[in-house]
Amino acid sequence: METIQTLAVLPDMPVKAGEVVMRITGLYKSFGDNHVLSDFNLGLLAGENVVVLGKSGSGKSVLIKCIIGLLQPDGGTIEVFGKNIPDLGHLELDQVRMKVGFLFQSNALYDSMTVRENLEFPLRRHSIRLPQEEVNELVRHALDDVGLVHTVDRMPAELSGGMRKRIALARTLILRPSIILYDEPTTGLDPITAKEIIGLMIEIQEKYGSSSLIISHDMNCVRMASDRVVMLINGSCYAEGTYDELKQSADPEIKKFFE
Amino acid sequence: MMVNTQNWKQWLEEAGEMSRFTGRFFSQWFRPRYEVTEFFRQCFIVGYRSLPLVGLTGFIMGLVLTLQLRPSLIDYGVESQLPAMVGIAIVREVGPVITALIFAGKIGSSIGAELGSMKVTEQIDAMEVSGTNPFKYLVVTRVLATTLMLPVLVMLGDAISLYGSYLGVNIRGVTSFDLFWTQVFDNLSFGDVVPAFVKSFFFGFAVGMVGCFKGYHSHKGTEGVGRSANSAVVLSSILIFIIDLVAVQVTDILGLN
């Protein structure tokens, strides 16, 4: 796949396969005396799936929230499509966010809205002017991608955990993002549903050619979904490599994850 | 002693945070983008959906107040002043305060729990990622809705209370509908109606602001959501009495009492 498919109305940020779409350099973030991230570095190529692996509380979610601009880092740069996220104003940040999808750990579906309204929300809020027929088609297409077209008029509370995760993924996909950030995508799911979700993530990546940054401590997810694994220990990148390379490592810190 | 110092420090910190939160509301409410649809949706929820409860409690309040006052007025030989007295009591004080307290219990807790739940399930973050200013979408719309809807509810609640009072008057005696309303309105003055109406805007603002603040700053999972809802009701109820106290002093200074 040469270029990534995007919605015609979105800001033009063409990306060729193999190009660096995101580069994090010397990222630093602390909360009081708790130094969560220190000198963290990471690069993400177009079409690549990178998993950030780390223990609970190691700063993985802080990292992903800094990338999407929900948290302001104390130092370092986060360049997404060449734009440094911490320096961006609201409007510019919104432009970048249209191209970066975020699947929240808790799904973050709006309880008071139907599945359709949940999916339409990013389209309407980003002031994308589309005729209703096209919006309906995008919703249907996104739900079709996750195999849940029949749930369009249901409320999130009526769905199972796995279905809610799929709907959240459909909402992430509706803007056809070039980068998708997954925050613990399999947490709270049974092994079978978790496997289905990982399969879906891979399928979507292959279909749209998007890049993925996956935050996880689920080794099944790491094994199945990663092209490359970055280990986050003590706030910085401790090791980097493919799943198999890291699995064969003799380093005791790395071995702990594979035991 | 150590515990007391900690409590005071925590209280002052929260008061400071709430002041900042209120300041943020005033700095953002008039700036575009205007969340008109969400504002009207909130008006419907906080106004229309509160009406049955406000109406029921108002009716009972008017009826009970009339029945309770009657013996005392008979003792003083001024039973005929019952509609006037109940009318003044309801319009000046009992109507706005009771309606605001009912409103705080229903709407304040609901806002606290809703926003708290949205906070702990990352829905507020999801809104921000979706190109929405969650403060404007969630807080500004709700605070404006409570501020504008409570005075309307107070007016309707007062009217329903007076119907309850009319029933109360006629349980133990006979007073015509026209005479009852003539007595009520003949004894109400500008100083009775306007300050009571104006203070209900402040009551509504307090209920909305406290509910949003508590919900928006909810943490510690589902336990925190329950705590947010509970503390929203407690704090907004206290604020209603404080505002009422200040309003009485202000109207006194302005010579409206």
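So the protein sequences, as listed, match chains A and B.
Residue 1 is where the first sequence starts when you use the numbering used here, and the numbers rise one by one after that.
Residue 1001 is where the second sequence starts when you use the numbering used here, and the numbers rise one by one after that.
The beta carbon of each residue, even a glycine, is placed where N, CA and C say it ideally should be.
Model, not experiment: these values are computed from the prediction.
Which first and last residues belong to the alpha helix (DSSP H) in which residue i is found?
i	result
B:Ile1074	Leu1051 to Asp1075
B:Ser1231	Gly1221 to Ile1253
A:Arg228	No alpha helix (DSSP H) contains A:Arg228, which is instead part of the beta strand (DSSP E) from Arg228 to Ile233.
A:Glu240	From DSSP, A:Glu240 is part of no alpha helix (DSSP H) but of the beta strand (DSSP E) over Ser236 to Gly241.
A:Leu45	Note, A:Leu45: premise wrong, no alpha helix (DSSP H); beta strand (DSSP E) at Asn34 to Leu45.
B:Ser1109	Ser1109 to Val1120
B:Leu1256	Note, B:Leu1256: premise wrong, no alpha helix (DSSP H); not H, not E.
A:Leu91	His90 to Arg97
B:Ile1045	Val1036 to Val1046
A:Ile197	Pro191 to Tyr208
B:Ile1102	Gly1095 to Phe1103
A:Leu143	Gln132 to Asp145
B:Asp1125	Gln1123 to Val1129
What distance in whole Å lies between the Cβ atoms of residue j and residue i, which are believed to be in contact at a cut-off of 8 Å?
i	j	result
A:Phe40	A:Ser236	5 Å
B:Arg1142	B:Ile1098	With 8 Å as the limit, B:Arg1142 and B:Ile1098 do not qualify as a contact, their Cβ atoms being about 22 Å apart.
B:Gly1105	B:Gly1215	15 Å between Cβ atoms; not a contact.
B:Met1061	B:Val1094	6 Å
B:Phe961	B:Val1246	Here chain B comprises residues numbered 1001 to 1257, so residue 961 of chain B is not present and cannot be evaluated.
A:Leu44	A:Met22	4 Å
A:Ile215	A:Val52	5 Å
A:Leu109	A:Pro185	Not quite, the Cβ-Cβ distance comes to about 14 Å (not below 8 Å), so this is no contact.
A:Ile68	A:Ile24	With 8 Å as the limit, A:Ile68 and A:Ile24 do not qualify as a contact, their Cβ atoms being about 12 Å apart.
Alpha carbons only, please: which of the options is nearest the one belonging to residue i?
i	options	result
A:Val50	A:Arg164, A:Ile192, A:Asn234 and A:Met224	A:Met224
A:Arg154	A:His217, A:Glu184, A:Glu137 and A:Asp111	A:Asp111
A:Ile233	A:Cys221, A:Gly43 and A:Ile254	A:Ile254
A:Gly54	A:Ile174, A:Asp183, A:Lys195 and A:Glu203	A:Asp183
A:Gly59	A:Pro73, A:Cys221 and A:Gly47	A:Pro73
B:Thr1222	B:Ala1113, B:Ala1100, B:Val1129 and B:Leu1073	B:Ala1113
A:Lys165	A:Gln105, A:Arg140 and A:Arg124	A:Gln105
A:Ser160	A:Asp190, A:Met113 and A:Pro86	A:Asp190
B:Gln1033	A:Lys99, A:Leu91 and A:His35	Per the sequence shown, residue 1033 of chain B should be read as Arg rather than Gln. It is A:Leu91 whose Cα lies nearest to the Cα of B:Arg1033.
B:Glu1013	B:Gln1249, B:Val1250 and B:His1217	B:His1217
A:Ile204	A:Asp87, A:Ala194, A:Arg176 and A:Gly188	A:Arg176
Could you list which residues in chain A have their beta carbon closer than 7 Å to that of residue i, in chain order?
i	result
B:Thr1132	Arg125
B:Glu1128	Leu70
What are the boundary residues of the beta strand (DSSP E) that residue i is part of?
i	result
A:Val21	Val20 to Phe31
A:Asn49	Asn49 to Leu53
A:His126	Element bounds for A:His126: n/a, residue is neither H nor E.
B:Tyr1216	It is not in any beta strand (DSSP E) - B:Tyr1216 instead sits in the alpha helix (DSSP H) that spans Phe1190 to Tyr1216.
A:Gly76	Gly75 to Val80
A:Tyr182	Ile179 to Asp183
A:Ile215	Ser211 to Ser216
Where does residue i sit, in a helix, a strand or coil, going by DSSP?
i	result
B:Tyr1163	helix
A:Leu103	strand
A:Ile167	helix
B:Leu1082	helix
B:Gly1157	helix
A:Asp251	coil
A:Ala225	helix
A:Asp244	helix
A:Asp153	coil
B:Ser1019	helix
B:Glu1013	helix
B:Asn1007	helix
A:Ser61	helix
A:Met1	Because the pLDDT of A:Met1 is 38, which lies under 50, any placement of that residue in the model is unreliable, and the number read from its coordinates should be weighed accordingly. It is coil, neither helix nor strand.
A:Ile174	coil
A:Ala8	Unreliable placement is indicated for A:Ala8, whose pLDDT of 47 sits below 50; the coordinate value is still reported in the next sentence. Coil at A:Ala8, not helix or strand.
A:Asn118	helix
A:Asn220	helix
A:Asn84	strand
B:Phe1025	helix
A:Gln260	With chain A covering only 1 through 259, there is no way to say anything about residue 260 of chain A.
B:Thr1175	coil
A:Thr187	coil
A:Gly113	In the sequence on display, residue 113 of chain A carries Met and not Gly. Residue state, collapsed to three classes: coil.
B:Thr1132	coil
B:Arg1033	coil
Give me the chain A residues within the contact set of residue i, using Cβ-Cβ distance strictly less than 8 Å, ordered along the chain.
i	result
B:Ser1123	For the record, residue 1123 of chain B in the displayed sequence is Gln; it is not Ser. Within 8 Å Cβ-Cβ: Ala108, Leu109, Tyr110 and Asp111.
Using a cut-off of 8 Å between C-beta atoms, extract the partners of residue i located in chain B.
i	result
A:Phe102	Ala1126 and Val1129
A:Asp94	Gly1131
Just the chain B side, please: which residues come within less than 7 Å of residue i by C-beta, in chain order?
i	result
A:Arg97	Val1129 and Gly1131
A:Phe81	The premise fails here: A:Phe81 is roughly 16 Å from chain B at the closest Cβ pair, so nothing lies under 7 Å.
For a contact meaning CB atoms closer than 9 Å, what does residue i contact in chain B?
i	result
A:Phe121	Ala1126, Met1127, Ser1130 and Thr1132
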